[in-house]
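Asker:
Numbering (UniProt numbering), first residue to last: 1 to 782.
1) Evaluate residue 707 with the Cβ neighbour count: other Cβ atoms within 10 Å of its Cβ, from every protein chain shown; 16 or more gives buried, anything less gives exposed.
2) Can you tell me whether residue 766 is buried or exposed? The criterion is at least 16 other CB atoms within 10 Å of its CB, across all chains shown.
3) Keeping to the same chain, check which residues put their C-beta closer than 8 Å to that of residue 621; ignore five residues upstream and five downstream.
4) In angstroms, rounded to a whole number, what distance separates the CA positions of residue 744 and residue 242?
5) What residue does the alpha helix (DSSP H) around residue 320 start on, and which one ends it?
6) Could you tell me which of 584, 717, 274 sits nearest to residue 742, measuring between CA atoms?
7) Go ahead and label residue 202 buried or exposed: buried means 16 or more other beta carbons lie within 10 angstroms of its beta carbon, across all protein chains shown.
8) Would the region 178-194 and the region 109-117 be scored as touching if the rule is three or more Cβ pairs under 8 Å?
9) Whole angstroms are fine: how far does the CA of residue 214 sit from the CA of residue 149?
10) Could you tell me which of 263, 510, 409, 29 sits nearest to residue 624, measuring between CA atoms?
11) Please state the DSSP three-state secondary structure of residue 418.
12) Give the DSSP-derived three-state secondary structure of residue 252 in the structure shown.
13) What number of angstroms, rounded off, separates the C-alpha of residue 405 from the C-alpha of residue 446?
14) Who are the Cβ neighbours of residue 302 in its own chain at under 7 Å, not counting the five residues just before and after it?
15) Do three or more CB pairs link the region 640-652 to the region 672-680 at distances below 8 Å?
16) So, is residue 513 buried or exposed, given that buried needs 16 or more other C-beta atoms within 10 angstroms?
17) Using 8 Å as the threshold, is the C-beta distance between residue 505 and residue 304 below it?
18) Spatial neighbours of residue 19 within its chain, please: CB distance less than 8 Å, with the 5 preceding and 5 following residues excluded, ordered by chain position.
19) Inspect the CB distances between the region 635-645 and the region 761-778 and report whether three or more fall short of 8 Å.
20) Give me whichever residues DSSP pairs with residue 588 in a beta bridge.
21) Check whether the Cβ atoms of residue 74 and residue 125 sit closer than 8 Å, and answer yes or no.
22) Along the chain, which unbroken stretches of the beta strand (DSSP E) at least 3 residues long are found entirely within the region 589-626?
23) In this structure, what does DSSP give as the bridge partners for residue 721?
24) Residues in its own chain within less than 7 Å of residue 518 by CB, not counting five upstream and five downstream?
25) Can you tell which of 346, 217, 719 has its C-alpha closest to the C-alpha of residue 644?
26) Would you identify the three-state DSSP class for residue 753, choosing helix, strand or coil?
27) Mind checking who residue 10 pairs with in its DSSP beta bridge?
28) Can you tell me whether DSSP reads residue 112 as helix, strand or coil?
29) Terminal residues of the continuous beta strand (DSSP E) containing residue 546?
30) Closest to residue 178 by CA distance: which of 336, 438, 387, 382 is it?
31) Roughly how many angstroms separate the alpha carbons of residue 91 and residue 252, rounded to a whole number?
32) Could you give the distance in angstroms between the alpha-carbon of residue 70 and the alpha-carbon of residue 588?
33) Relative to the C-alpha of residue 5, which residue among 491, 290, 578 is closest?
34) By Cβ distance, which residues of its chain are closer than 6 Å to residue 618, with the 5 residues on each side in sequence left out?
35) May I ask you to report which of helix, strand or coil DSSP gives residue 101?
36) Restricting to runs no shorter than 3 residues, where is the beta strand (DSSP E) found entirely within the region 396-456?
Written out as structure tokens, the structure is:
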């Protein structure tokens, strides 16, 4: 294979996926307290919580309903430890969500893990909180159950009670997040627990609460979701905020701040290049939610449209249109930096559909109510289902302010739900406050787990570096690696050249708003350029092929500035195999608790030196806004086995001897001898993925609950033989539905002198190059 030769990545890897029996898991941990001690603590907490409910003004609680907190011990953070038996034994109680709570380590029962933390001078610890809803009568029924003789209660019920640290009401500082001492008034998003009451009953309570707290209902918007939370946007001052504090159905409150789209009309300008001379346009579409476009601009004409039926009905605003036109130009043409005024642009590889979401009605009336973006989100909820012909959408705006771990915004929830339901992808700018102290963390909705949060890089002596303004990670649980990737967004010294609404001009500006469109255009091409692709696969391909600049090119882990690395420059970088490397795609669907195994592409001939095995696993599991700490309902735990012939053998009980790792063929004689002496063979080959039986904390630290995971292993090729990977689908939140997944595996063998691509295809004949769509299939007459 010539050094310059490139070949298409290989598909059909799913032909080699095999279902396997589920592995046994380790024993659960011993509960931290005795039943008697735990029972007494809970009883005291329930009584105190009911008294606090009685003391609340009637306007701050829903009639005959309350939500309290069952706080579990830090050793039992997994969703599988939720008190399901308690809810079965006392059906008057129900779980309406969970979150993480923070507490002093000295205030929880001491266990082996807590003792280790104390020895390491750890002061605070995170644990899991379950929200329990019932009537006062139902909570008294729970007290009666606890009063029963211990011997008459089911063992599982007693075990779950022993894992509860305490029972109480949500503290006010847990309800109110993100309000600085300087905050005096502004738009606030409230999140209410699901209610046993009807929707009308919940609304009646809400407006009575607003009247009591002197909150203007006319400036408020309410968006309930069946079986889920109710999101409320309202305008508050410090006094009305304080009056809402402690309201029982209130799960969380956080400020919303949106200053509008960047004004580009007065930004520096230069002469624009000439528009494309093509008479055709692409059939690969990208949707854009922004301030609208000027379709008469020559660089957009024929390659962009505005969907007025699925746009906001307010009059256009020149600043909003200028921003939308710049974003649209970046989606169509990328940065205009390389092009001079005399140059003619090539035909855009995608077609742009604009959905205008600005200005909102509130903005148009001069009402700060427009800053909540609820109207924009309404348009997105309407447009995505209506346009099934679009699989990638760009979002280059969002509220300012860092995300909160224990609170989910409506914006994030809506985008994730649309992505999972309609199998689309959103590319979202992470925000431009990376240099603002205490505000530098990524902003909503870029914390979504089923989309790409896009950060920005700029250039320093032609080399990519993190743009200082670009917001940092980490993201929320189940989406900690943020930004996912970064793209060129420019900076003040090296601005990005963008399409302007001024005739014959291009505008010079910078920001993550203009980095996100570059990912959107590449994502759309990765989805629609070849057969049997999907939004999930396109997203995984962009992450898989992202690269770190400079010395970090081979970095194994992501970081908080660049995520998984820089966006690939060309579609060939995404869809082609270079010399000495082969990429294979696997696509499928799994049920929670299912296990499968798949082969790592490996030739039958020997490979000299070291190899690098690089894989990306992505899953499209449902999300649950009531469990922000357990946001995704399933994860895929991948385990890598570099040598399928090497197994660990352990000595029988009573024999002091080290375990041995032996080759089934090369060490057959020794294995036979050991088995005759009652040594035990492991159920699986020796792994190179660490502890197979991870507990919940280890999974979180290793990002196992991420919707997309990228890993790399470098190995001496002589130690690798018929490598394989297993995928174990682990469900939570009662997940039972089948979900889609993809796996991308790349084998790099830099010292291999033969044709690695052909050798792999001969070893796995079902693999075949992806079929690119022809120009006739992807372009039509304008």
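A virtual CB, placed ideally from N, CA and C, is assigned to each residue, including glycine.
Answerer: Let's see:
1) It counts as buried.
2) Label assigned to residue 766: exposed.
3) Beyond the five residues adjoining it in sequence on each side, residue 621 comes within less than 8 Å, by CB distance, of 420, 632, 633, 634, 635, 707, 735, 739 in the same chain, given in chain order.
4) Roughly 51 Å separates the two Cα atoms.
5) Segment 318-333, the alpha helix (DSSP H) holding residue 320.
6) Of the candidates 584, 717, 274, the residue whose Cα lies closest to the Cα of residue 742 is 584.
7) Residue 202 comes out buried.
8) The region 178-194 is not in contact with the region 109-117.
9) Rounded to whole angstroms, residue 149 to residue 214 spans 50 Å at the Cα level.
10) For the residues 263, 510, 409, 29, the minimum Cα distance to residue 624 belongs to 409.
11) If DSSP states are grouped into helix, strand and coil, residue 418 belongs with the helices.
12) The answer is strand: DSSP assigns residue 252 an E or B state.
13) If I take the Cα positions, the gap works out to 13 Å.
14) Apart from sequence neighbours up to five positions away, the residues of its chain that approach residue 302 with a beta-carbon distance below 7 Å are 281, 782, ordered along the chain.
15) The answer is yes - the region 672-680 touches the region 640-652, with three or more Cβ pairs under 8 Å.
16) Of the other Cβ atoms in all chains shown, 16 or more fall within 10 Å of the Cβ of residue 513; this residue is therefore buried.
17) Not a contact, by the Cβ cut-off of 8 Å.
18) Same-chain partners within the cutoff: 594, 595, 596.
19) These segments do not touch.
20) Beta-bridge pairing by DSSP links residue 588 to 741.
21) Cβ distance < 8 Å, so residue 74 and residue 125 count as in contact.
22) Whole beta strand (DSSP E) segments, 3+ residues: 595-599, 610-620.
23) Looking at the DSSP assignment, residue 721 forms a beta bridge with 643.
24) Sequence-distant partners of residue 518 (beyond 5 residues in either direction) whose C-beta falls short of 7 Å from its own C-beta, in its chain, are 330, 334, 487, 488, 567.
25) Ranked by Cα distance from residue 644, the first of 346, 217, 719 is 719.
26) Residue 753 sits in coil when the DSSP states are folded into three classes, being neither helix nor strand.
27) According to DSSP, residue 10 bridges with 584, 769.
28) Collapsing the DSSP output to three states places residue 112 in a helix.
29) In this chain, residue 546 is not harboured by any beta strand (DSSP E), its DSSP state being neither H nor E.
30) It is 438 whose Cα lies nearest to the Cα of residue 178.
31) Straight-line Cα distance between these residues: approximately 26 Å.
32) It is roughly 38 Å from the alpha-carbon of residue 70 to the alpha-carbon of residue 588.
33) The residue with the shortest Cα to Cα distance from residue 5 is 578.
34) Answer for residue 618: 536, 540, 708, 742, listed in chain order.
35) Note: residue 101 maps to strand in three-state DSSP.
36) The region 396-456 contains these whole beta strand (DSSP E) runs: 425-429.
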